[in-house]
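Participant: For the record, the sequence lines run as chains A and B. Take 1 as the starting number for the first sequence in my numbering and just add one per residue. Take 1 as the starting number for the second sequence in my numbering and just add one per residue. Idealized CB from N, CA, C, for every residue including glycine. Submitted below is the structure of interest, expressed as structure tokens.
Protein chains: 2
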Amino acid sequence: MQKPSLPKGTRDFGPVQMARRTYILDTIKETFQLFGYQQIETPSMENLSTLTGKYGDEGDQLLYKILNSGDFIKDVKADDLEKGSGAILSKVSEKGLRYDLTVPFARYVVMNRNELTFPFKRYQIQPVWRADRPQKGRYREFYQCDADVVGTDSLVCEAEIILMIRRVFEKLNLRDYSIKLNNRKILTGIAEAIGEAGNEGPLCVAIDKLDKIGWEKVKEELTQRGFSEASIEKLAPLVSLENDLVGKVEFLKGFLNSSEIGLKGVEELEEVFEILLKMGVDLAYVDFDIMLARGLSYYTGAIFEVKVNGVSIGSVSGGGRYDNLTGVFGLPGVSGVGFSFGVDRLYDVLDELGIFPTESHTSTRLLLTYFDQAGFGYALSLLNQFRNAGIKTEIYPNQVKIQKQFDFANKKEIPFVGVCGDEEINSATISVKNMVTGEQLKMNLAEAIAVVS
Amino acid sequence: MQKPSLPKGTRDFGPVQMARRTYILDTIKETFQLFGYQQIETPSMENLSTLTGKYGDEGDQLLYKILNSGDFIKDVKADDLEKGSGAILSKVSEKGLRYDLTVPFARYVVMNRNELTFPFKRYQIQPVWRADRPQKGRYREFYQCDADVVGTDSLVCEAEIILMIRRVFEKLNLRDYSIKLNNRKILTGIAEAIGEAGNEGPLCVAIDKLDKIGWEKVKEELTQRGFSEASIEKLAPLVSLENDLVGKVEFLKGFLNSSEIGLKGVEELEEVFEILLKMGVDLAYVDFDIMLARGLSYYTGAIFEVKVNGVSIGSVSGGGRYDNLTGVFGLPGVSGVGFSFGVDRLYDVLDELGIFPTESHTSTRLLLTYFDQAGFGYALSLLNQFRNAGIKTEIYPNQVKIQKQFDFANKKEIPFVGVCGDEEINSATISVKNMVTGEQLKMNLAEAIAVVS
Numbered sequence: 001m002q003k004p005s006l007p008k009g010t011r012d013f014g015p016v017q018m019a020r021r022t023y024i025l026d027t028i029k030e031t032f033q034l035f036g037y038q039q040i041e042t043p044s045m046e047n048l049s050t051l052t053g054k055y056g057d058e059g060d061q062l063l064y065k066i067l068n069s070g071d072f073i074k075d076v077k078a079d080d081l082e083k084g085s086g087a088i089l090s091k092v093s094e095k096g097l098r099y100d101l102t103v104p105f106a107r108y109v110v111m112n113r114n115e116l117t118f119p120f121k122r123y124q125i126q127p128v129w130r131a132d133r134p135q136k137g138r139y140r141e142f143y144q145c146d147a148d149v150v151g152t153d154s155l156v157c158e159a160e161i162i163l164m165i166r167r168v169f170e171k172l173n174l175r176d177y178s179i180k181l182n183n184r185k186i187l188t189g190i191a192e193a194i195g196e197a198g199n200e201g202p203l204c205v206a207i208d209k210l211d212k213i214g215w216e217k218v219k220e221e222l223t224q225r226g227f228s229e230a231s232i233e234k235l236a237p238l239v240s241l242e243n244d245l246v247g248k249v250e251f252l253k254g255f256l257n258s259s260e261i262g263l264k265g266v267e268e269l270e271e272v273f274e275i276l277l278k279m280g281v282d283l284a285y286v287d288f289d290i291m292l293a294r295g296l297s298y299y300t301g302a303i304f305e306v307k308v309n310g311v312s313i314g315s316v317s318g319g320g321r322y323d324n325l326t327g328v329f330g331l332p333g334v335s336g337v338g339f340s341f342g343v344d345r346l347y348d349v350l351d352e353l354g355i356f357p358t359e360s361h362t363s364t365r366l367l368l369t370y371f372d373q374a375g376f377g378y379a380l381s382l383l384n385q386f387r388n389a390g391i392k393t394e395i396y397p398n399q400v401k402i403q404k405q406f407d408f409a410n411k412k413e414i415p416f417v418g419v420c421g422d423e424e425i426n427s428a429t430i431s432v433k434n435m436v437t438g439e440q441l442k443m444n445l446a447e448a449i450a451v452v453s
Numbered sequence: 001m002q003k004p005s006l007p008k009g010t011r012d013f014g015p016v017q018m019a020r021r022t023y024i025l026d027t028i029k030e031t032f033q034l035f036g037y038q039q040i041e042t043p044s045m046e047n048l049s050t051l052t053g054k055y056g057d058e059g060d061q062l063l064y065k066i067l068n069s070g071d072f073i074k075d076v077k078a079d080d081l082e083k084g085s086g087a088i089l090s091k092v093s094e095k096g097l098r099y100d101l102t103v104p105f106a107r108y109v110v111m112n113r114n115e116l117t118f119p120f121k122r123y124q125i126q127p128v129w130r131a132d133r134p135q136k137g138r139y140r141e142f143y144q145c146d147a148d149v150v151g152t153d154s155l156v157c158e159a160e161i162i163l164m165i166r167r168v169f170e171k172l173n174l175r176d177y178s179i180k181l182n183n184r185k186i187l188t189g190i191a192e193a194i195g196e197a198g199n200e201g202p203l204c205v206a207i208d209k210l211d212k213i214g215w216e217k218v219k220e221e222l223t224q225r226g227f228s229e230a231s232i233e234k235l236a237p238l239v240s241l242e243n244d245l246v247g248k249v250e251f252l253k254g255f256l257n258s259s260e261i262g263l264k265g266v267e268e269l270e271e272v273f274e275i276l277l278k279m280g281v282d283l284a285y286v287d288f289d290i291m292l293a294r295g296l297s298y299y300t301g302a303i304f305e306v307k308v309n310g311v312s313i314g315s316v317s318g319g320g321r322y323d324n325l326t327g328v329f330g331l332p333g334v335s336g337v338g339f340s341f342g343v344d345r346l347y348d349v350l351d352e353l354g355i356f357p358t359e360s361h362t363s364t365r366l367l368l369t370y371f372d373q374a375g376f377g378y379a380l381s382l383l384n385q386f387r388n389a390g391i392k393t394e395i396y397p398n399q400v401k402i403q404k405q406f407d408f409a410n411k412k413e414i415p416f417v418g419v420c421g422d423e424e425i426n427s428a429t430i431s432v433k434n435m436v437t438g439e440q441l442k443m444n445l446a447e448a449i450a451v452v453s
């Protein structure tokens, strides 16, 4: 008899984990909806032609490919074997599993461009798969949770993303965090201003590591990437710039005065702040981080990253503005801005801080228990009255000793137990025990509903 | 430039479809939770050793297999090619995609048997994949929605399944349907009573087609399967039995008086009815259908099937009791009962009947519009006040002609539009237009919140 196991890097989510994940996801969904975002879902499988070449060579390696159905090997000849897996792949597989939610979204927008109402705000919460080496906190199947608005360049969208992040964190009782904000145009301007015009790509890649490896190592990397000593020296004051938001803006206006695009980036940033102020919102939690780069090359405007302070996991959310989401599928000029929440990371953060709600909204409130057949019948007669009052209620299904029924309630962390004995039957009452305080009181049905609700 | 497409048999779900699917699934989830069921999720990928051999030869063919990562072809030799796909499969693939939710659930129970609290009530709503030929209403990726309780043989579970189905249908405004109920033991008893003891397998398979092909064709099939003419003749009165519930029970007690297991089946059925009556529930919608067989061979007790009347799609839910869920994974004796809702089918039924709610709970209620920069700033100042009152609100992000903003509201079916012009700014009001009635009224913020809520 085989002993079953899970594929490496995958997980089951049991009842407790699911209740907590649902708590996080419901909070996020509710917020997205409040801001007018609409949910879509795309298939788990995409044609390999849709996926391949979108994530770099390494990404192509990490794509899960699905074996063609039926006689999958029929087109493979003996001499193909010598050419290796790369040459054989297209003969045995034409579909792959979703690697992220961005490429499927781009495909969706292109295929539905005539039906969609632009600006189109969508959110999408689905698993993605990557054949990566599993390690702590990295899985081969994990959920992504993306929101994007496409078809507008309005900076209202950036301001609203900040508001959505703040709302989600407030609802999750996360209070110590910062929303790091920068603009890719500023980084382009900095490259110009330090005499490395056009080199913002390698500049961003190096700067992206500042938090992890420190300024000295970043300097080494920049030197290796061909940045002159003079350029690197010009960069230094930005790295060590300690100032408030207004101070940073003023500094940059001077620093970038020779770079048109750099000044445009500062201007966009200021407009986002202005929109927030017009909305009656202060700039709490917002941290203008000139050194925030984010690796992805397709960002062209604002970039975001959210870090929770005082926990081992850092970044739990991020995103940015792009101006060519769908060009690769033949529809140029679709600009937009998007961001995503790392659901697994948020889970770990709430767990580490111990701030998951103690009571789940999805689990049983009341277990009805009984001593004998008469009590069983009486409990059955009450059962649906509790449910009709909206109370999540169970009856222990088999007639066993009452202690076993109480054990069941304890293990399932059911907060109330209703006892149905002869006394309760005769007085048309029920004894309700609060499993947290231990208090037990006899009461009628209406009172019991009020107590348990 | 490539034109993107979807893999055959897969679908995107756009905002309207998602809102409707969410409506159905939220109704089902809420009901499961009210009855104490807890959600779990299992990985999309399972080891092929977990999946293979569980769904028959045809099922094994329909499993989606995932190509091993890296140099997947390295173990395949030239002479393997001659042996064909079957021999090569195990060398190039060790994982497959979930084919249903039952086998993963059985695996989950076995792997977590020491942590779970039994009786364990779980529900699970996830996509499954089958490499079937796509046709109308049949997809290669579709959602299943299962609820099972394992570790108890109490017939309270059967009664509660009937209640859950009734509650879901009531909430979805489905009124014309029947919950067909039978018991596998009765079918075993019938086989005994007509002199075909032990042949309930082929009997069930043939009877299962009664609805589709009629009694004459079923008779032919039974003859082909080796049933004697005398047996088939004895079966005839059951097929044409028109009687109420009590009448059918009485008839069967006579018909099955020589079959111990048959009488046990009738007894179980009567107990389910008795439990329902003790719960204060009538037997409305319940139809004791002696000819309900359901093909799956692992059912051993009650079997269910729910049909909506007056629509082209028939069965939308079904299930039954089994007494050996996990034996194949080395854990014998785990009995339980489960059922599932066909989400795609329920969708099509509600669509065909035109009974989806006209207003979605997930989409935008109010769009704020404006004529110029001043109005834009004013609208921004109101925006979050609406949201803080719980109203799903959007602002048109770019300054365009107001007609275009109204067009946007119409296309997104947003029921209210707030107009922010000079008059409104000067009087600290907003003009709210009801997009359904066409009525437009100027009011202050508190009034607007009340109207739109």
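Is the beta carbon of residue 98 of chain B closer than 9 Å to that of residue 52 of chain B?
Facilitator: Not a contact, by the Cβ cut-off of 9 Å.
Participant: Would you call the stretch 222–241 of chain B and the stretch 287–302 of chain B touching, i.e. three or more CB-CB distances under 8 Å?
Facilitator: The stretch 222–241 of chain B is in contact with the stretch 287–302 of chain B.
Participant: Taking C-beta pairs closer than 8 Å, name the residues in chain A that residue 27 of chain B reaches, listed in chain order.
Facilitator: None at all; the shortest Cβ gap to chain A is about 14 Å.
Participant: Check whether chain A comes within 9 Å of residue 324 of chain B, counting only Cβ atoms and requiring the distance to be less than that.
Facilitator: For residue 324 of chain B, the answer is no, since every Cβ of chain A falls outside 9 Å of its Cβ.
Participant: Excluding the 5 residues flanking residue 429 of chain A on each side, which residues of the same chain have their C-beta closer than 7 Å to its C-beta?
Facilitator: Correct list, in chain order: 442, 443, 444.
Participant: Using 8 Å for Cβ pairs, my map puts residue 213 of chain A next to residue 223 of chain A. What's the rounded Cβ distance?
Facilitator: Between residue 223 of chain A and residue 213 of chain A the Cβ distance is about 14 Å, and since that is not below 8 Å, they are no contact.
Participant: Would you say residue 381 of chain A reaches chain B, if we count a Cβ-Cβ gap shorter than 9 Å as a contact?
Facilitator: Output row for residue 381 of chain A: interface = yes.
Participant: Would you mind working out which of B:396, B:306, B:386 sits nearest residue 448 of chain B, comparing C-alpha positions?
Facilitator: For the residues B:396, B:306, B:386, the minimum Cα distance to residue 448 of chain B belongs to B:386.
Participant: If you scan the stretch 259–283 of chain B from start to end, which runs of the alpha helix (DSSP H) of 4 or more residues do you find wholly inside it?
Facilitator: You should have 260–278.
Participant: Could you tell me whether the Cβ of residue 13 of chain A comes closer than 9 Å to any Cβ of chain B?
Facilitator: At least one chain B Cβ lies under 9 Å of residue 13 of chain A.
Participant: The alpha helix (DSSP H) that contains residue 34 of chain B, what's its start and end?
Facilitator: Unbroken alpha helix (DSSP H) run through residue 34 of chain B: 15–34.
Participant: Alpha carbon to alpha carbon, what distance is there between residue 313 of chain B and residue 297 of chain A?
Facilitator: Roughly 49 Å between the two C-alpha positions.
Participant: Could you check where the alpha helix (DSSP H) with residue 102 of chain B kicks off and where it finishes?
Facilitator: Start and end: 102–111.
Participant: On the CB-based measure, 16 or more other CB atoms within 10 Å of its CB, does residue 394 of chain B come out buried or exposed?
Facilitator: Residue 394 of chain B comes out buried.
Participant: Measuring CB to CB, does residue 334 of chain A end up less than 9 Å from residue 327 of chain A?
Facilitator: In this structure, residue 327 of chain A lies closer than 9 Å to residue 334 of chain A by Cβ.
Participant: Using the Cβ count rule (16 or more neighbours within 10 Å means buried), how would you classify residue 450 of chain A?
Facilitator: Under this definition residue 450 of chain A is an exposed residue.
Participant: Among A:376, A:397, A:152, which has the Cα closest to the Cα of residue 321 of chain A?
Facilitator: Of A:376, A:397, A:152, the residue nearest in Cα terms is A:152.
Participant: Curious, which full-length alpha helix (DSSP H) runs of at least 4 residues does the stretch 337–370 of chain A contain?
Facilitator: 343–353, all fully within the stretch 337–370 of chain A.
Participant: Can at least three beta-carbon pairs, one atom from the stretch 363–372 of chain A and one from the stretch 412–422 of chain A, be found at a separation below 8 Å?
Facilitator: The stretch 363–372 of chain A is in contact with the stretch 412–422 of chain A.
Participant: Helix, strand or coil for residue 404 of chain A? Go by DSSP, reduced to three states.
Facilitator: Residue 404 of chain A falls in the helix class under three-state DSSP.
Participant: Below 8 Å, can you find three or more Cβ-Cβ pairs linking the stretch 272–290 of chain B to the stretch 160–180 of chain B?
Facilitator: Touching, per the Cβ criterion.
Participant: For a cutoff of 9 Å on Cβ pairs, would you count residue 207 of chain A as touching chain B?
Facilitator: No, because no Cβ of chain B sits closer than 9 Å to the Cβ of residue 207 of chain A.
Participant: Anyone know if the C-beta pair for residue 122 of chain B and residue 299 of chain B falls short of 9 Å?
Facilitator: Not closer than 9 Å, so no.
Participant: By Cβ distance below 6 Å, which residues in the same chain neighbour residue 21 of chain B in space, the five residues on each side in sequence not counted?
Facilitator: Cβ neighbours of residue 21 of chain B beyond the five flanking positions: none.
Participant: Residue 350 of chain A: which of A:177, A:432, A:399, A:10 sits nearest, CA to CA?
Facilitator: That would be A:177, whose Cα lies nearest to the Cα of residue 350 of chain A.
Participant: Measure the CB-CB distance between residue 344 of chain B and residue 55 of chain B and report whether it falls below 9 Å.
Facilitator: Going by C-beta atoms, residue 344 of chain B is not nearer than 9 Å to residue 55 of chain B.
Participant: Note down, in chain order, each residue of its chain lying with its Cβ closer than 6 Å to the Cβ of residue 91 of chain B, except the 5 sequence neighbours on either side.
Facilitator: Excluding residues within five positions, the ones whose Cβ falls inside 6 Å are 75, 76.
Participant: Using CA atoms only, rank isn't needed, just tell me which of A:60, A:46, A:78 is closest to residue 101 of chain A.
Facilitator: Minimum Cα distance to residue 101 of chain A is reached at A:46.
Participant: Which first and last residues belong to the alpha helix (DSSP H) in which residue 427 of chain A is found?
Facilitator: Run containing residue 427 of chain A: 422–427, per the alpha helix (DSSP H) assignment.
Participant: Answer yes or no: does any C-beta atom of chain A fall closer than 9 Å to that of residue 298 of chain B?
Facilitator: Taking Cβ atoms only, chain A never reaches closer than 9 Å to residue 298 of chain B, which makes this a no.
Participant: Give the residues from the stretch 64–80 of chain B that approach chain A closer than 7 Å (Cβ to any Cβ), ordered along the chain.
Facilitator: Result list: 64, 65, 66, 67, 69, 71, 72, 73, 76, 78.
Participant: Does any CB atom of chain B fall closer than 9 Å to the CB of residue 280 of chain A?
Facilitator: By this cut-off, residue 280 of chain A is an interface position.
Participant: Which chain A residues are close to residue 157 of chain B, counting only those with a beta carbon under 8 Å from its beta carbon?
Facilitator: Going along chain A in sequence order, the residues near residue 157 of chain B (Cβ under 8 Å) are 397.
Participant: DSSP three-state call for residue 450 of chain A: helix, strand or coil?
Facilitator: DSSP places residue 450 of chain A in helix when its eight states are reduced to three.
Participant: Restricting to Cα atoms, I'd like to know which of B:145, B:209, B:109 is closest to residue 340 of chain B.
Facilitator: Minimum Cα distance to residue 340 of chain B is reached at B:145.
Participant: For the putative contact between residue 193 of chain A and residue 262 of chain A, defined by C-beta atoms under 8 Å, what is the C-beta separation to the nearest angstrom?
Facilitator: Contact flag correct, Cβ pair sits at about 6 Å.
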